[in-house]
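Engineer: For the sequence shown, position 252 matches number 331 in this note's numbering, and the numbering has no gaps at all. The structure is given below, and queries will be raised subsequently.
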Amino acid sequence: MTTGGRRNGGSACILRGFSLINVIAVKIVHVSYARPYPRYPDPRAWIRFLDFYTGVLESLARGAEVISIYHIDYKGVVEEKGVQYHFTGLREWQLLMPLKLNRYIRTLRPDVVVVHGLTSPWQVLMLARNLTNSVPIIAEHHAERPLRFARKFLQRLADRHIRAYLFTSRELAQPWIENRLIADARKVKEVMEASSAFCPMPREVASQFTGAHGANAYLWVGRLNSNKDPLTVVNSFLRFLRITGEARLYMIFQTEELLEEIKNVLSAAGEVSRNICLVGKTRREDMQYWFNSADFFISGSHYEGSGIAACEAMSCGCIPVLTDIPSFRMMTGQGKVGLLYEAGNEDALLQALVKSLTVEREGAREKVLRWFRNELSFEAIAEKLMQCIDE
């Protein structure tokens, strides 16, 4: 493929491990048609906030020219760790009718454009009109459900111009295929959408910071809503504590929708509930200490586009106890690492918790870390994306 005078036919030798880092093989432009909330006026603060994804861009930049476009309250270009971050300063209405943005993308002369999110079919149709047919558009799924009403028909039109779709799990793409929003299932590629900037540290160092203690420390992180299902987790863990008193559950949450119900359940449980600690809101930069303070990470989610908290936990060596949903099946290699249980099933979670007591911790931890490096790390995601582009 030749674009703008650059020949990219030799890219394959770079894609496998990015061995020729001084050769620019392909120019990749990432773009979203949404403005983040809350507003960010500081571009470097925004880049730090996105550390669960910018690591993918940085890994890509070892073998490609990478540009990522965002729409915060700032206009300009910031380069960091080999990645060019272009901030447009565009408003919501300018992204709804993105004539200016799409013309700007064309001036960048990309070899491939990655559109983040599957909720902008109209914008993708307009983008396709601005690009030559030789520039493929790749769309990345970010937990969106299949579109409905008029947008459904727009997505079917946009699908004709989308060369590939990135889903954490192919199973997550099935509703899109069944609704004929993706006409060809072969366009679906299995690529994790983000990873973790956290890393393992000595347990005693982390625990000294968090105050978490106990021989069997479990951690739950998420919003207190029905999809994350903290009530199932709490109810099962209380039953688990009646079997073994030597366990503690720490719960970190940023929203409080079900907090009163959880407090009522704990109050009714009596003394055993002391081993469930409602930590509440925690600074993001402190989460690495929490993940390194726990033996196991529990999720009760019924649906996840990927599962960033679970990924971050695994990057620190937490043994996952996750619901048996498509994204978590992919992240654990169909249960090769950690334990899976049926979402919403208290008995199934209780069985998984009891089974966790028999796990050989050190060996399981090393297995989780090895799996994370090979399948879920920034480098692994970047290599899969580059393979997709190479195809």
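Just so it is clear, CB atoms sit at the ideal spot from N, CA and C, and this is done for glycine as well.
Run the CB neighbour count on L206, radius 10 Å, all protein chains shown included, and call it buried at 16 or more, exposed below.
Structural biologist: Numbered from its first residue, the sequence shown carries residue 206 at position 127. Buried.
Engineer: Which full runs of the beta strand (DSSP E) of 3+ residues lie inside the stretch 139–178, going along the chain?
Structural biologist: The stretch 139–178 contains these whole beta strand (DSSP E) runs: 144–149, 155–159 and 162–166.
Engineer: Rounded to whole angstroms, what's the CA-CA distance from I261 to E283? Just pull it up for me.
Structural biologist: Here residue 261 refers to the residue found at position 182 of the sequence shown. Here residue 283 refers to the residue found at position 204 of the sequence shown. Computed Cα separation, rounded: 49 angstroms.
Engineer: Counting only the same chain and skipping the five closest in sequence on each side, list residues whose C-beta sits under 6 angstroms from that of W125.
Structural biologist: On the sequence shown, residue 125 is found 46 positions in, with the first residue counted as 1. The answer, listed in chain order, is Y119 and I151.
Engineer: Measure how close the beta-carbons of Q25 and F457 come, nearest whole angstrom, since I'm counting them as under 8 angstroms.
Structural biologist: What is shown of the chain runs 80 to 470, which leaves residue 25 out entirely.
Engineer: S372 and A291: beta carbons closer than 8 angstroms?
Structural biologist: The sequence position of residue 372 within the sequence shown is 293, counting from 1. The sequence position of residue 291 within the sequence shown is 212, counting from 1. The answer is yes: Cβ separation under 8 angstroms.
Engineer: When the distance is taken between beta carbons, is T198 closer than 8 angstroms to G384?
Structural biologist: Working through the sequence shown from its first residue, we reach residue 384 at position 305. Working through the sequence shown from its first residue, we reach residue 198 at position 119. Result no, Cβ atoms of G384 and T198 do not sit closer than 8 angstroms.
Engineer: Under 8 angstroms between the Cβ atoms of A389 and F375?
Structural biologist: As a working note, residue 389 is residue 310 in the sequence shown. As a working note, residue 375 is residue 296 in the sequence shown. No, the Cβ-Cβ distance between A389 and F375 is not below 8 angstroms.
Engineer: Quick one: Cα of R485 to Cα of E257, how far?
Structural biologist: Nothing about residue 485 can be read from this structure; the chain reaches only from 80 to 470.
Engineer: May I ask you to report which of helix, strand or coil DSSP gives P399?
Structural biologist: Here residue 399 refers to the residue found at position 320 when the sequence shown is read from its first residue. Here P399 sits in strand by DSSP.
Engineer: Pull up the DSSP beta-bridge partners for E219, would you.
Structural biologist: Indexing the sequence shown from 1 puts residue 219 at position 140. DSSP, once it has assigned bridges, lists H195 and L245 as partnering E219.
Engineer: According to DSSP, simplified to helix, strand and coil, what is I100?
Structural biologist: Numbered from its first residue, the sequence shown carries residue 100 at position 21. Low confidence applies here, because I100 scores a pLDDT of 40, under 50, leaving its location unreliable; read the following figure in that light. If DSSP states are grouped into helix, strand and coil, I100 belongs with coil.
Engineer: Spatial neighbours of W255 within its chain, please: CB distance less than 7 angstroms, with the 5 preceding and 5 following residues excluded, ordered by chain position.
Structural biologist: For the purposes of this step, residue 255 is identified with residue 176 of the sequence shown, where counting begins at 1. So the list reads P225 and I261, once near-sequence residues are dropped.
Engineer: Going by DSSP, what residue range makes up the alpha helix (DSSP H) through E472?
Structural biologist: Since the displayed the chain opens at 80 and closes at 470, residue 472 lies outside it and no answer follows.
Engineer: Reducing DSSP to helix, strand and coil, say where E350 ends up.
Structural biologist: As a first step, residue 350 must be located in the sequence shown, where it is residue number 271. Note: E350 maps to helix in three-state DSSP.
Engineer: Alpha carbons only, please: which of A392, L436 and S380 is nearest the one belonging to Y49?
Structural biologist: An answer regarding residue 49 cannot be provided, because it is not within the stretch 80 to 470 covered by the chain.
Engineer: What distance in whole Å lies between the Cβ atoms of H195 and S111, which are believed to be in contact at a cut-off of 8 angstroms?
Structural biologist: Walking along the sequence shown from the start, residue 111 turns up at place 32. Walking along the sequence shown from the start, residue 195 turns up at place 116. 4 angstroms between Cβ atoms; contact.
Engineer: Tell me the DSSP bridge mates of E296?
Structural biologist: The count along the sequence shown starts at 1 and reaches residue 296 at position 217. According to the sequence as given, residue 296 is Ala; it is not Glu. Bridge partners of A296: R327.
Engineer: Quick one: Cα of S346 to Cα of G324, how far?
Structural biologist: As a working note, residue 346 is residue 267 in the sequence shown. As a working note, residue 324 is residue 245 in the sequence shown. Approximately 17 angstroms, taken between the alpha carbons.
Engineer: For chain D, is any of its Cβ atoms less than 8 angstroms away from the one on P122?
Structural biologist: Annotation note: the requested chain D is absent from the structure, which comprises a single protein chain.
Engineer: Distance check for G412 and A113, CA to CA, integer angstroms please.
Structural biologist: As a working note, residue 113 is residue 34 in the sequence shown. As a working note, residue 412 is residue 333 in the sequence shown. Rounded to the nearest angstrom, the two C-alpha atoms are 32 angstroms apart.
Engineer: Hey, out of E171, V145 and G142, whose CA is closest to Y116's CA?
Structural biologist: For the purposes of this step, residue 116 is taken as the residue at position 37 of the sequence shown. Nearest of E171, V145 and G142 to Y116, Cα basis: E171.
Engineer: Measuring only from the beta carbon, is P215 closer than 7 angstroms to any heavy atom that is part of the ligand GDP?
Structural biologist: The model on display carries no ligand, and the ligand GDP is accordingly not part of it.
Engineer: Helix, strand or coil for Y183? Go by DSSP, reduced to three states.
Structural biologist: Here residue 183 refers to the residue found at position 104 of the sequence shown. Note: Y183 maps to helix in three-state DSSP.
Engineer: To the nearest angstrom, report how far apart Q287 and M280 are at their CA atoms.
Structural biologist: Taking the first residue of the sequence shown as 1, we reach residue 287 at position 208. Taking the first residue of the sequence shown as 1, we reach residue 280 at position 201. Distance between the alpha carbons of Q287 and M280 is about 12 angstroms.
Engineer: Sort out for me which residues DSSP pairs Y420 with in a bridge.
Structural biologist: As a working mapping, residue 420 is identified with position 341 in the sequence shown. Answer is T402, bridged to Y420.
Engineer: Give the secondary structure of V344 by DSSP, where H, G and I count as helix, E and B as strand, and everything else as coil.
Structural biologist: Stepping through the sequence shown from its first residue, residue 344 is reached at position 265. Correct three-state label for V344: helix.
Engineer: Rounded to the nearest angstrom, what separates L464 and V270 at their Cα positions?
Structural biologist: What you label residue 464 is simply residue 385 of the sequence shown in a count that begins at 1. What you label residue 270 is simply residue 191 of the sequence shown in a count that begins at 1. Computed Cα separation, rounded: 7 angstroms.
Engineer: Might you give, ordered along the chain, the residues of its own chain that have their beta carbon closer than 8 angstroms to the beta carbon of R440, omitting 5 neighbours on each side?
Structural biologist: To locate residue 440, count along the sequence shown from 1; it is residue 361. D374 and I398, listed in sequence order.
Engineer: Taking the alpha carbon of L401 as the reference point, which residue from E336, G349, L298 and T437 has its own alpha carbon closest?
Structural biologist: If you number the sequence shown from 1, residue 401 lands on position 322. Among E336, G349, L298 and T437, the Cα nearest to that of L401 is on L298.
Engineer: Looking only at DSSP bridge pairs, what is Q269 linked to?
Structural biologist: By one-based count along the sequence shown, residue 269 stands at place 190. Checking the displayed sequence, the identity of residue 269 turns out to be Glu instead of Gln. In DSSP, E269 forms a bridge with F246.
Engineer: Taking the alpha-carbon of T133 as reference, which of I146, L180 and D403 has the nearest alpha-carbon?
Structural biologist: Your numbering for residue 133 matches position 54 in the sequence shown. Selected option, being the one with the closest Cα: I146.
Engineer: I241 and N209 - do their beta-carbons sit closer together than 8 angstroms?
Structural biologist: Counted from its first residue, the sequence shown places residue 209 at position 130. Counted from its first residue, the sequence shown places residue 241 at position 162. No, Cβ-Cβ distance for N209 and I241 is not below 8 angstroms.
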